[in-house]
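Enquirer: Residue numbering for the sequence shown follows this note's numbering, beginning at 6 and increasing consecutively.
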Amino acid sequence: MTEVPDPTHETVGLLEALGTTRAIRRYRNEPIPTDDLAKILWFAGRAPSGSNRQAFRFLTLLDGPNATRARQVLGESFRHGWAVKREQDNYRPSRFADSMQEYVDKFESHPVVILVCLDRYRDPNWHEGASVYPACQNLLLAARGLGYGGALTMWHLEVETELREILSIPAHVALSACITLGIPVGRHGPLRRKPVNQVTFDDAWGQAPQWAEIPDPI
Ligand SMILES: Cc1cc2nc3c(=O)[nH]c(=O)nc-3n(C[C@H](O)[C@H](O)[C@H](O)COP(=O)(O)O)c2cc1C
């Protein structure tokens, strides 16, 4: 059985993990051993992709010289991204707003940052996310399974040009997501999500089926 890094971490079953894994943005100041990181990426790579081409790529930003520079550039972008969102969406002072602020303020020191990329083999207008986001979700669930937590973010897009230059990312590669990982401060789930009958239609758009009115299964 795999050892988990967090003594309070309990192994969870697949369905419980699906039902409770939330975005974790506060991490203990402890690294993720590369053995565990490699395992997380193994599970991420088990994800399905179109024609099983497995064109997803994981660019880890740990403590190398390029990674350090990329983290600085990303940190600035994340702080700007949150500042804009906070203003635009009119976030009031709250625990969530505080945790977001802390998340972006401490970006450079998050234990692991991963750029999840897609080595494009089709026109970018094709639904290319379909072959990379399953791997992102596998990655987050595998991290959960090993006692870690993470957040999938998009605030790397504003500095994509700089990142390509610093990290030598070729033009044909899409930068699909930026994921941070670490040992959670705080716990997973429960999740605030819509009930099944609000997101499910049967037979025609807008027709909520009665069978979709169920109590939460966990
Ligand atoms: C496509 C996508 C883009 C996201 N972008 C960001 C982001 O830029 N910054 C961030 O902090 N979280 C981002 N998230 C995380 C979501 O905010 C989070 O999953 C959602 O609010 C649900 O929160 P919960 O999982 O904690 O319940 C993103 C998630 C997805 C799937």
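We put the beta carbon where it would ideally sit given N, CA and C, even for glycine.
Across which residues does DSSP place C122 in a beta bridge pair?
Expert: Residue numbering aside, residue 122 sits at position 117 when the sequence shown is read from its first letter. Bridge partners of C122: R62 and L180.
Enquirer: With a threshold of 7 Å, establish whether the CB of T158 neighbours any heavy atom of ligand 1.
Expert: Stepping through the sequence shown from its first residue, residue 158 is reached at position 153. Because some heavy atom of ligand 1 lies under 7 Å away, the Cβ of T158 counts as near it: yes.
Enquirer: So V117 packs on L42, CB below 8 Å; how close in whole Å?
Expert: As a working note, residue 117 is residue 112 in the sequence shown. As a working note, residue 42 is residue 37 in the sequence shown. The C-beta distance from V117 to L42 rounds to 6 Å, short enough to fall under 8 Å.
Enquirer: Run through the DSSP bridge pairs and tell me what T158 is partnered with.
Expert: Looking up residue 158 in the sequence shown gives position 153. In the DSSP output, where bridge partners are listed per residue, T158 has C183.
Enquirer: Using three-state DSSP, classify P189 as helix, strand or coil.
Expert: Working through the sequence shown from its first residue, we reach residue 189 at position 184. Correct three-state label for P189: strand.
Enquirer: For L151 and Q59, I'd like the C-alpha separation in whole angstroms.
Expert: The sequence position of residue 151 within the sequence shown is 146, counting from 1. The sequence position of residue 59 within the sequence shown is 54, counting from 1. Cα to Cα, the separation comes out at about 23 Å.
Enquirer: Could you tell me if the beta carbon of L196 falls within a distance shorter than 7 Å of some heavy atom in ligand 2?
Expert: Ligand 2 is absent from the structure shown, which contains only ligand 1.
Enquirer: Identify whether Y153 lies in helix, strand or coil by the three-state DSSP scheme.
Expert: Counted from its first residue, the sequence shown places residue 153 at position 148. Y153 falls in the coil class under three-state DSSP.
Enquirer: Put L20 into one of helix, strand or coil per three-state DSSP.
Expert: Position 15 of the sequence shown, counted from the first residue, corresponds to residue 20. If DSSP states are grouped into helix, strand and coil, L20 belongs with the helices.
Enquirer: Less than 8 Å separating the beta-carbons of E35 and I188?
Expert: Locating residue 35 in the sequence shown gives position 30, counting from the first residue. Locating residue 188 in the sequence shown gives position 183, counting from the first residue. It is a contact, given that the beta carbons lie within the stated cut-off.
Enquirer: When you measure from the CB of L86 to every non-hydrogen atom of ligand 1, does any distance come out below 7 Å?
Expert: Within the sequence shown, the letter at position 81 stands for residue 86. Rather than Leu, the amino acid found at residue 86 in this sequence is Gly. Within the cutoff, so yes.
Enquirer: Considering only the alpha carbon of each residue, which of Q77, F83 and W131 lies closest to G55?
Expert: Mapped onto the sequence shown, residue 55 falls at position 50. Nearest of Q77, F83 and W131 to G55, Cα basis: W131.
Enquirer: For R27, verify whether its CB is less than 7 Å away from any heavy atom of ligand 1.
Expert: Your numbering for residue 27 matches position 22 in the sequence shown. At least one heavy atom of ligand 1 is nearer than 7 Å to the Cβ of R27, so yes.
Enquirer: Thinking C-beta only, is G80 closer than 8 Å to E113?
Expert: Counting from 1 along the sequence shown, the entry for residue 113 is found at position 108. Counting from 1 along the sequence shown, the entry for residue 80 is found at position 75. The Cβ atoms of E113 and G80 lie closer than 8 Å to each other.
Enquirer: Please indicate yes or no: does the CB of R31 lie closer than 7 Å to some heavy atom of ligand 1?
Expert: Numbered from 1 along the sequence shown, position 26 holds the residue referred to as residue 31. No, the beta carbon of R31 sits no closer than 7 Å to any heavy atom of ligand 1.
Enquirer: With a Cβ-Cβ cutoff of 8 Å, do R33 and G191 count as a contact?
Expert: Taking the first residue of the sequence shown as position 1, residue 33 is located at position 28. Taking the first residue of the sequence shown as position 1, residue 191 is located at position 186. Their beta carbons are not under 8 Å apart, which means R33 does not touch G191 by this criterion.
Enquirer: Helix, strand or coil for Y96 per DSSP?
Expert: Here residue 96 refers to the residue found at position 91 when the sequence shown is read from its first residue. In the structure shown, Y96 sits in coil (DSSP, three-state: anything other than H, G, I, E or B).
Enquirer: Are V121 and V137 closer than 8 Å when you measure CB to CB?
Expert: Taking the first residue of the sequence shown as position 1, residue 121 is located at position 116. Taking the first residue of the sequence shown as position 1, residue 137 is located at position 132. Yes, the Cβ-Cβ distance between V121 and V137 is below 8 Å.
Enquirer: Return helix, strand or coil for V117, following the three-state DSSP convention.
Expert: To locate residue 117, count along the sequence shown from 1; it is residue 112. Strand.
Enquirer: Using 10 angstroms around the beta-carbon of A135, count the other beta-carbons present and answer buried if the total reaches 16, otherwise exposed.
Expert: Locating residue 135 in the sequence shown gives position 130, where the first residue counts as 1. Exposed: under 16 other Cβ atoms inside 10 Å.
Enquirer: Just how far apart, CA to CA, sit P12 and D124?
Expert: Here residue 12 refers to the residue found at position 7 of the sequence shown. Here residue 124 refers to the residue found at position 119 of the sequence shown. Low local confidence applies: a pLDDT of 46 at P12 is under 50, so the model's placement there is unreliable, with the coordinate-based value given in what follows. Going by the C-alpha atoms only, they are around 38 Å apart.
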